[in-house]
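J.:
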Amino acid sequence: MVIATLEAEKLSAMRGDRRLFEAVSFTLSAGEALALTGPNGSGKTTLLRMIAGFIAPSEGALRFRGPDGPIEAAEARSFDLHLLGHQDGLKGGRLAREEVVFQALWMGGDAPSALAAAERLGLGRVLALPVRNLSAGQRRRLALARLIAARRSLWLLDEPLAPLDAEHRALFGELMGAHLAGGGLIAAAVHDPLPIVARSLELDG
Amino acid sequence: MRSTVILFRRELGLAWAGGGGPSLAVGFYVAVATLAPISAAAGAWRAGGAAAALAWLVLVLASLLSLERLFERDFEDGALDLLALGPAPLEAVALVKSVAHFTAVSAPLALAAPVVAIALGATPRVAPMVLATAAIGGLAFAFVGALGAALALGSRRGGLIVALIVLPLIAPPVIFGGGAIEACRAGLAWRPALMLLLAWTLGAAALCPFLTAAAWRNASS
Amino acid sequence: MLAALANPHRFMAFSRIAAPLCGVAAALLIAPGLWLGLAAPPDYQQGTTVRIMFIHVPAAQTAMFAYACLGGASFFSLIFRHALADAAARAAAPLGAAFTLLALVTGSLWGRPMWGAWWVWDARLTSVLVLFLLFVGYMALRSAIDDEARAGRAAAILALTGLIDLPVIYFSVDWWNSLHQGESIFRPGGPLIAPVYLLPLGLMAGGYLLAFGALWMEQTRSEVWRRRAQALEVQAAGR
């Protein structure tokens, strides 16, 4: 199935007794990108995790729609979205190649796509190394590889470009652009502007 | 499902990472079991049926060993999020992790158990029963242990907490397993005890994945 | 009635009167129960030490009831995400542990004159010990997780698991005990409960349950106050 639209209606989040944000509404359609901005602690990560289904909103609703009608949220989350948070889920002791292949396979891709994606992101020479020997930028690119290798419509990214240098930010910008051009959706929490055209949603905190 | 096989192989690889495979758990088992006879009077463990029971008890403790790391690492480094967004339901992931933990830790311990029991002075006749109870019981411990590990996610002093909450819950399989070994040793009917152990293990296998997934979702929220 | 009490305000209003009332009722049952128990003829086997039974047996029963209450409150707190149920669950645990400890200590005291040992691994005492560990585990888990809401839900799952396992635990300990053909000294008064013991036992059991009810309501009230105070603190500290 393919997510064509993500609708958020008056979402509110509580952390213990603290209200992080309230009445957040937006509609994200195929080919669109949303940049979540706001100070630290304003709930950008929480909103992304809410879309991914890890946190239940204290108020409001989230809806996924496909080209033919509504999509069950659980299905959308299991098959058609990527979440890339601050932590990448890579295991330090494993080889980079093993990790990128596993992540791609798990998310519905295959091994050749994983390796091709790693190549595309400039990691060809480090695939044989253990993950712990990679630099921060290389690790981030390794984690990004699964977005390319396993096709899923909605990308939820939490400060994806932070450890990347200018050259690789531009590269990933191209990949994001290609994703949007192919009908994908992107929601990204960022401090700096994204290298693609995106609407902005400010969380005041 | 192909994805569960992939996950199983990965979990196994991660559990045996650091070289040596299962030898760490087995090594711990043998080390503690060795301390028992030398901490008591010489020959004390040969009297009575304590030898096989001791082998069983130390196995229970050794099974709890690496439980904390079953979920904690994945929780901390974001791998749990990734697993939750995959094609397999969280309950299936919990099941696979439990079975992988059994294969990586409990099964090798079960293989070592008869040897340890005999070394402590049990009669060789009970060896097959020790193996059977260690294997079935080990599976039970893996499932309940996974639940304990998931419940204790994000807690302070995780390893101790996991042991504390798991130990009272596994009283029945410990009792049934010990009863089976004892019955075998005394030449009495052991089948009822073994059946009870098997029944409890199957029940745990059916229930725990759901509870583990619920605990996990709670920790991720 | 449970549904009516689910509203926190109604519960607080109700318990303000009900808790002390239950306390008084408990005293009204325990006092004659104790008196009758002390006045009852000594058991021909166990002599006067049988009187510990009047403190021990109801304690063990109430401890088990307390765990059932813990499980029930946990169920409501999990399935209906009910904050009051969570408060009640948190309140029930230390009370249940206290009754369990009372049962263990009095059980040990009871066994000492009979068996010359401070502890016997018989069916009831062993079951009560495992129950004690279940309570301790619950409280330990709750306090080991910093986020209160998360801790509450994790502990609730644990309590429900324990509740499902509890009958099996009792069965397994009983089964194990019967294998060794140990005559449980803790079947009250021996193979038969003499009728003269039934009334004081019944009074004590009823009194203990009411006492637990009173204490549980009081403790839940404290918990509710504590949470309100905490919420106010957080608000006052600003966002």
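Residue numbers (my numbering), protein chains in the order written: chain A, 475 to 679; chain F, 5 to 225; chain Z, 136 to 374.
Positions of the beta carbon are idealized from the N, C-alpha and C atoms, including for glycine.
Taking only beta carbons into account, state which residues of the region 100-131 of chain F come closer than 7 Å to chain A, listed in chain order.
T.: Here the close residues number zero.
J.: Which runs of the beta strand (DSSP E) at least 3 residues long sit entirely within the region 534-608 of chain A? Give them in chain order.
T.: You should have 555-558.
J.: State the start and end residues of the unbroken beta strand (DSSP E) segment that holds residue 678 of chain A.
T.: As a working note, residue 678 of chain A is residue 204 in the first sequence. Where residue 678 of chain A is concerned, there is no enclosing beta strand (DSSP E), given that its DSSP letter is neither H nor E.
J.: Got a sec? Which residues, its chain only, sit under 7 Å from residue 547 of chain A by beta carbon, not counting five neighbours each side?
T.: On the first sequence, position 73 is the one that residue 547 of chain A refers to. Closer than 7 Å at the Cβ level, and outside the excluded window around residue 547 of chain A, lie 527, 536, 538.
J.: Would you mind telling me which residues of chain A sit closer than 7 Å to residue 369 of chain Z, beta carbon to beta carbon, in chain order?
T.: Against the third sequence, residue 369 of chain Z aligns to sequence position 234. Residues of chain A passing the Cβ test: 491, 492.
J.: In chain order, what residues of the region 282-311 of chain Z put their CB closer than 8 Å to some CB of chain A?
T.: The region 282-311 of chain Z vs chain A, Cβ under 8 Å: 282, 283, 284.
J.: Indicate whether residue 531 of chain A and residue 587 of chain A have their beta-carbon atoms separated by less than 8 Å.
T.: As a first step, residue 531 of chain A must be located in the first sequence, where it is residue number 57. As a first step, residue 587 of chain A must be located in the first sequence, where it is residue number 113. No, they are not a contact pair.
J.: Taking the alpha carbon of residue 126 of chain F as the reference point, which residue from F/153, F/41, F/25, F/17 has its own alpha carbon closest?
T.: By one-based count along the second sequence, residue 126 of chain F stands at place 122. Of the candidates F/153, F/41, F/25, F/17, the one whose C-alpha sits nearest the C-alpha of residue 126 of chain F is F/41.
J.: With 16 other CB atoms within 10 Å as the buried threshold, where does residue 549 of chain A fall?
T.: Along the first sequence, read from residue 1 onward, the residue named residue 549 of chain A stands at position 75. By the neighbour-count rule (16 or more Cβ atoms within 10 Å), residue 549 of chain A is not buried but exposed.
J.: Could you name the residues of chain A that residue 366 of chain Z contacts, counting a contact when the two beta carbons are closer than 7 Å?
T.: Your numbering for residue 366 of chain Z matches position 231 in the third sequence. Residues of chain A passing the Cβ test: 491.
J.: What number of angstroms, rounded off, separates the C-alpha of residue 676 of chain A from the C-alpha of residue 628 of chain A?
T.: Looking up residue 676 of chain A in the first sequence gives position 202. Looking up residue 628 of chain A in the first sequence gives position 154. Cα-Cα distance, rounded: 20 Å.
J.: Would a check of beta-carbon distances place residue 562 of chain A closer than 8 Å to chain F?
T.: Numbered from its first residue, the first sequence carries residue 562 of chain A at position 88. Output row for residue 562 of chain A: interface = yes.
J.: Could you name the residues that DSSP lists as bridge partners for residue 488 of chain A?
T.: What you label residue 488 of chain A is simply residue 14 of the first sequence in a count that begins at 1. DSSP output for residue 488 of chain A lists A/493 as bridge partner(s).
J.: In or out: residue 134 of chain F buried (at least 16 other Cβ within 10 Å) or exposed?
T.: For this step, residue 134 of chain F is matched to residue 130 along the second sequence. Buried: at least 16 other Cβ atoms inside 10 Å.
J.: Could you check where the beta strand (DSSP E) with residue 310 of chain Z kicks off and where it finishes?
T.: Here residue 310 of chain Z refers to the residue found at position 175 when the third sequence is read from its first residue. Premise fails: residue 310 of chain Z lies in the alpha helix (DSSP H), 283-314, not in any beta strand (DSSP E).
J.: Does the beta-carbon of residue 186 of chain Z have 16 or more other beta-carbons within 10 angstroms, so that it is buried, or is it exposed?
T.: Here the question's residue 186 of chain Z lines up with position 51 in the third sequence. With 16 or more Cβ atoms within 10 Å of its Cβ, residue 186 of chain Z is classed as buried.
J.: Can you name the residues of chain A whose CB is closer than 9 Å to the CB of residue 18 of chain F?
T.: To locate residue 18 of chain F, count along the second sequence from 1; it is residue 14. In chain order: 565, 567, 568.
J.: Measure how close the beta-carbons of residue 636 of chain A and residue 518 of chain A come, nearest whole angstrom, since I'm counting them as under 8 Å.
T.: Along the first sequence, read from residue 1 onward, the residue named residue 636 of chain A stands at position 162. Along the first sequence, read from residue 1 onward, the residue named residue 518 of chain A stands at position 44. Wrong, their Cβ atoms sit about 13 Å apart, outside the cutoff.
J.: Residue 189 of chain Z and residue 205 of chain Z look like a contact to me (Cβ under 8 Å); what is the Cβ gap, rounded to whole Å?
T.: For the purposes of this step, residue 189 of chain Z is identified with residue 54 of the third sequence, where counting begins at 1. For the purposes of this step, residue 205 of chain Z is identified with residue 70 of the third sequence, where counting begins at 1. Contact doesn't hold; Cβ gap of about 25 Å is too wide.
J.: Pick out whichever of A/593, A/510, A/666 has its Cα sitting closest to the Cα of residue 673 of chain A.
T.: Taking the first sequence and counting its residues from 1, the one referred to as residue 673 of chain A is at position 199. Checked all of A/593, A/510, A/666; the closest Cα to residue 673 of chain A is A/510.
J.: Just to confirm before moving on: does the CB-CB distance between residue 192 of chain Z and residue 235 of chain Z stay below 8 Å?
T.: On the third sequence, residue 192 of chain Z is found 57 positions in, with the first residue counted as 1. On the third sequence, residue 235 of chain Z is found 100 positions in, with the first residue counted as 1. The answer is no: Cβ separation not under 8 Å.
J.: Does the Cβ of residue 144 of chain Z have 16 or more other Cβ atoms within 10 Å, making it buried, or fewer, making it exposed?
T.: Taking the first residue of the third sequence as position 1, residue 144 of chain Z is located at position 9. It is exposed - the Cβ of residue 144 of chain Z has fewer than 16 other Cβ atoms within 10 Å.
J.: For residue 176 of chain F, go through chain Z and note every residue whose CB falls closer than 8 Å to its CB, in chain order.
T.: Walking along the second sequence from the start, residue 176 of chain F turns up at place 172. Going along chain Z in sequence order, the residues near residue 176 of chain F (Cβ under 8 Å) are 300, 303, 304, 306, 307.
J.: Whole angstroms are fine: how far does the CA of residue 129 of chain F sit from the CA of residue 186 of chain F?
T.: Reading the second sequence from its first residue, position 182 is the one you call residue 186 of chain F. Reading the second sequence from its first residue, position 125 is the one you call residue 129 of chain F. Computed Cα separation, rounded: 11 Å.
J.: Between the region 96-106 of chain F and the region 566-583 of chain A, do at least 3 Cβ pairs fall closer than 8 Å?
T.: Contact between the region 96-106 of chain F and the region 566-583 of chain A is absent, because fewer than three Cβ pairs lie under 8 Å.
J.: On a CA-only basis, which of F/222, F/157, F/200 is nearest residue 72 of chain F? Give me that one, please.
T.: Numbered from 1 along the second sequence, position 68 holds the residue referred to as residue 72 of chain F. The option with the nearest alpha carbon to residue 72 of chain F is F/157.
J.: Mind listing the chain F neighbours of residue 272 of chain Z? Cutoff is C-beta to C-beta under 7 Å, in chain order.
T.: Mapped onto the third sequence, residue 272 of chain Z falls at position 137. Those within 7 Å of residue 272 of chain Z in chain F are 168, 169, 172.
J.: Tell me which residues share the same chain as residue 350 of chain Z and place their Cβ nearer than 6 Å to its Cβ, disregarding the 5 neighbours each side in the sequence.
T.: To locate residue 350 of chain Z, count along the third sequence from 1; it is residue 215. Closer than 6 Å at the Cβ level, and outside the excluded window around residue 350 of chain Z, lie 230.
J.: Looking only at its chain, what residues have a beta carbon closer than 7 Å to the beta carbon of residue 523 of chain A, apart from the 5 residues adjacent to it on each side?
T.: Taking the first residue of the first sequence as 1, we reach residue 523 of chain A at position 49. Correct list, in chain order: 529.
J.: Does the CB of residue 190 of chain Z have a neighbour CB from chain D at under 8 Å?
T.: Judged by its chain identifiers, the structure shown contains no chain D, and its protein chains are A, F and Z.
J.: State the Cα-Cα distance for the pair residue 494 of chain A and residue 339 of chain Z, rounded to the nearest angstrom.
T.: For the purposes of this step, residue 494 of chain A is taken as the residue at position 20 of the first sequence. For the purposes of this step, residue 339 of chain Z is taken as the residue at position 204 of the third sequence. The alpha-carbon atoms of residue 494 of chain A and residue 339 of chain Z are separated by roughly 52 Å.
J.: State yes or no: is the beta carbon of residue 260 of chain Z nearer than 8 Å to at least one beta carbon in chain F?
T.: For this step, residue 260 of chain Z is matched to residue 125 along the third sequence. Residue 260 of chain Z does not count as touching chain F.
J.: Does the distance from the C-beta atom of residue 161 of chain Z to that of residue 334 of chain Z stay below 8 Å?
T.: The residue given as residue 161 of chain Z occupies position 26 in the third sequence. The residue given as residue 334 of chain Z occupies position 199 in the third sequence. Cβ distance not < 8 Å, so residue 161 of chain Z and residue 334 of chain Z don't count as in contact.
J.: Where are the alpha helix (DSSP H) runs, 4 residues long or more, that stay fully inside the region 78-138 of chain F, in chain order?
T.: With a minimum length of 4 residues, the continuous alpha helix (DSSP H) runs that stay inside the region 78-138 of chain F are 83-88, 94-105, 111-124.
J.: In its own chain, which residues sit with a C-beta less than 7 Å from the C-beta of residue 348 of chain Z, not counting the 5 before and 5 after it?
T.: Here residue 348 of chain Z corresponds to residue number 213 of the third sequence, with the count starting at 1. Here the set comprises 157.
J.: How about residue 212 of chain F and residue 151 of chain F: do their beta carbons lie closer than 8 Å?
T.: The residue you call residue 212 of chain F lines up with position 208 of the second sequence. The residue you call residue 151 of chain F lines up with position 147 of the second sequence. Yes, the Cβ-Cβ distance between residue 212 of chain F and residue 151 of chain F is below 8 Å.
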